[in-house]
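In the working numbering, the protein residues as written are 137 to 678.
First the structure, in the form of structure tokens, and then the observations on it.
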Ligand code: GLC
């Protein structure tokens, strides 16, 4: 059955999707790791927050060499997180709360523990089971050089040698061998995995490394520029990013989803250099949506925000796609911290060895509050990362001994990794792990998290949590009816726009308070005594 396009519920076009990093959301069985039981117990919280959907990071069976992005079995839940029956119950209950559920599909690579990879490396050279991966002889007289000069995103070479002398490709950690998407069984397997989860009523999938998958035939060496850009950012005609062969694969997946009723969606994590290239992923028979990470890199200036938003709206509008907005996720320094760093700081470097005294945490949170109103007033979909509704900062001082992200070791300690944004959620003011549910969470939680917990903020006027709740409620009433946006001139350094409903959003990115006119719907912080909008503050006006 193909659902009539006109009848599809395109809920994602305006949805607020809350990203659940399941390992760190809520721990139902007290073993230190978040799980499905914990998530189920907090669905009421997510309903009251007012989100439309949740996206759950990988929950499949996995040795967790890369936080679950190393999948050993795509059709089962990792015992640390629960059972398949619990996953099914979660989806049911979320739906009862009016919350859609998006999974995370990891098609570029499996875990080294996946049966296919185990079969391949235990088979003799030349065995057909090896063809499901990129397993090749090396270069040089004795094959001791890798097949190409490709670098792994996490650092080090992208090829690892097997004991029998052949090499296998892994664009990420060695525990994540890349699948060969030219292989028919790989193609049919993933269509089947999609059906497996669609049959369990998942509403869609975020697709990991959507710009990977296809590699240039013969594995040509990458040039210098391409090697430098190996950090998952595409460039023109790159040997492994954003290759044209990706699109027929996506069309197969889309056909599977189109066979299901109820508006199932695919959102691409595609790091693609130019809007024209991204547009290809969003053709009517491919992805429904793509992440847009551009705000996440923006300087805190009116000009930077305006340029990015203008370009995003233009390029997405031109192809009929609804834009998306993201400030934080499980891969980047939390924005309450990023926005507190001096202009122009490279936050990845800062995290590794930057001067901590330059961080202005108060400014960071003040701006994070303002940017919440900015982002939630824009047309399109918004992705929130768990904990941003509490104003959580990056935990930048995790001791080296607890770092878990493979990036830390693989980079030879030249990149700190992503653990600091993955620290568990605080639910209560006191108690072990602030109500996360364990005595000893998998990453230590800083003492300051208690005062930022859900309990500390719920029903407290002026808290970040109440700001998000109020904004999400008002957004439903005033900001999702149409996709119209008009930029307004509001003075130097002041970013302002009007939406179709007439609601205006004004963000003061200048260095002095500014006057405002109209009825105030919501402000990200108190106005001045004379009713002006302070620096780093946003307002919704009618
Ligand atoms: C994506 C994920 C990241 C993961 C990588 C490899 O970028 O967001 O967390 O490490 O893919 O799967």
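For every residue, glycine included, the Cβ atom is placed at its ideal position computed from N, Cα and C.
For clarity, every value in this text was computed on a predicted model and none was experimentally measured.
Backbone CA spacing between residue i and residue j [nearest angstrom]
i, j, result
"residue 618", "residue 515", "8 Å"
"residue 140", "residue 399", "At residue 140, the pLDDT of 49 sits below 50, so the modelled position is not reliable and the matter cannot be decided from this model."
"residue 507", "residue 674", "8 Å"
"residue 672", "residue 611", "21 Å"
"residue 499", "residue 152", "25 Å"
"residue 438", "residue 376", "36 Å"
"residue 606", "residue 537", "40 Å"
"residue 286", "residue 355", "9 Å"
"residue 238", "residue 396", "15 Å"
"residue 380", "residue 223", "35 Å"
"residue 154", "residue 186", "10 Å"
"residue 444", "residue 433", "10 Å"
"residue 418", "residue 495", "38 Å"
"residue 292", "residue 555", "20 Å"
"residue 357", "residue 598", "55 Å"
"residue 664", "residue 533", "35 Å"
"residue 656", "residue 638", "13 Å"
"residue 651", "residue 668", "5 Å"
"residue 342", "residue 477", "30 Å"
"residue 205", "residue 253", "15 Å"
"residue 310", "residue 519", "30 Å"
"residue 678", "residue 251", "58 Å"
"residue 428", "residue 579", "29 Å"
"residue 446", "residue 646", "20 Å"
"residue 168", "residue 196", "18 Å"
"residue 544", "residue 289", "12 Å"
"residue 709", "residue 549", "Residue coverage of the chain in this structure runs from 137 to 678, which leaves residue 709 outside it and unanswerable."
"residue 626", "residue 653", "11 Å"
"residue 464", "residue 649", "27 Å"
"residue 435", "residue 213", "40 Å"
"residue 367", "residue 283", "For residue 367, the predicted model reports a pLDDT of 43, less than 50, meaning its position is unreliable; a value from the coordinates is still stated below. Their Cα atoms are separated by approximately 20 Å."
"residue 430", "residue 263", "44 Å"
"residue 392", "residue 586", "45 Å"
Cβ-Cβ separation, residue j to residue i (assumed contact under 8 Å), whole Å
i, j, result
"residue 268", "residue 315", "6 Å"
"residue 552", "residue 488", "5 Å"
"residue 198", "residue 160", "Not quite, the Cβ-Cβ distance comes to about 15 Å (not below 8 Å), so this is no contact."
"residue 441", "residue 623", "Not quite, the Cβ-Cβ distance comes to about 10 Å (not below 8 Å), so this is no contact."
"residue 202", "residue 542", "5 Å"
"residue 163", "residue 574", "5 Å"
"residue 509", "residue 615", "About 10 Å separates the two Cβ atoms, so there is no contact after all."
"residue 600", "residue 503", "Actually they are not in contact, since the Cβ atoms of residue 600 and residue 503 sit about 12 Å apart, beyond 8 Å."
The ligand PLP heavy atom lying under 6 Å from the CB of residue i
i, result
"residue 205", "In the structure shown, the ligand PLP is absent; the only ligands present are the ligand GLC."
Proximity winner among the options, relative to residue i (alpha-carbon distances)
i, options, result
"residue 635", "189, 512, 276, 392", "512"
"residue 421", "428, 411, 402", "402"
"residue 527", "383, 460, 660", "660"
"residue 241", "331, 282, 600, 276", "331"
"residue 166", "592, 596, 572", "572"
"residue 644", "633, 449, 350", "633"
"residue 279", "290, 264, 265, 299", "299"
"residue 344", "591, 584, 467, 227", "467"
"residue 337", "521, 470, 231", "231"
"residue 641", "648, 649, 621", "621"
"residue 559", "424, 524, 150, 481", "524"
"residue 190", "613, 265, 662, 517", "517"
"residue 383", "317, 493, 394", "317"
"residue 225", "173, 549, 282", "173"
"residue 147", "156, 188, 184", "188"
"residue 454", "491, 431, 415, 469", "415"
"residue 535", "581, 568, 615", "581"
"residue 215", "158, 258, 260", "158"
"residue 349", "385, 473, 596", "385"
"residue 472", "588, 457, 424, 373", "588"
"residue 340", "608, 462, 296, 390", "390"
CB contact below 7 Å: residue i versus chain C
i, result
"residue 539", "The chain inventory of the structure shown lacks chain C, comprising one protein chain alone."
Does the region 314 to 331 touch the region 219 to 232, meaning 3 or more C-beta pairs lie closer than 8 Å? Counting C-beta pairs closer than 8 Å gives fewer than three between the region 219 to 232 and the region 314 to 331, which falls short of the contact rule.
Extract the residue ranges of the alpha helix (DSSP H) inside the region 381 to 440, only unbroken runs of 4 or more that lie entirely within it. Within the region 381 to 440, the complete alpha helix (DSSP H) segments of 4 residues or longer fall at 382 to 394, 411 to 417, listed in chain order.
Quick one: any contact between the region 163 to 182 and the region 559 to 572, if contact means 3 or more CB pairs under 8 Å? Judged by Cβ distances under 8 Å, the region 163 to 182 makes contact with the region 559 to 572, as three or more pairs qualify.
Three CB pairs or more closer than 8 Å across the region 229 to 244 and the region 293 to 305: As far as the Cβ criterion goes, the region 229 to 244 does not touch the region 293 to 305, which means the pair count is below three.
Which runs of the alpha helix (DSSP H) at least 4 residues long sit entirely within the region 527 to 579? Give them in chain order. Assignment of alpha helix (DSSP H) within the region 527 to 579, counting only whole runs of 4 or more residues, yields 542 to 546 in chain order.
Touch test, the region 269 to 282 against the region 206 to 216, Cβ-Cβ under 8 Å, three pairs minimum: Note that the region 269 to 282 does not touch the region 206 to 216; fewer than 3 beta-carbon pairs, one per stretch, sit closer than 8 Å.
Which whole runs of the beta strand (DSSP E) in the region 186 to 254 are 3 residues long or more, in chain order? Listed in chain order, the complete beta strand (DSSP E) runs (minimum 3 residues) inside the region 186 to 254 are 189 to 192, 209 to 213, 236 to 241.
Please specify which runs of the alpha helix (DSSP H), each continuous and at least 4 residues long, are wholly inside the region 573 to 634, giving them in chain order. Whole alpha helix (DSSP H) segments, 4+ residues: 590 to 593, 600 to 614.
Alpha helix (DSSP H) runs contained entirely in the region 466 to 525, provided each spans 4 or more residues: As far as the region 466 to 525 is concerned, its whole alpha helix (DSSP H) runs of at least 4 residues are 471 to 474, 483 to 489, 497 to 513.
Please list the segments of the alpha helix (DSSP H) lying wholly inside the region 279 to 364, counting only runs of 4 or more residues, in order along the chain. Within the region 279 to 364, complete alpha helix (DSSP H) segments of at least 4 residues are found at 320 to 334, 360 to 364, given in chain order.
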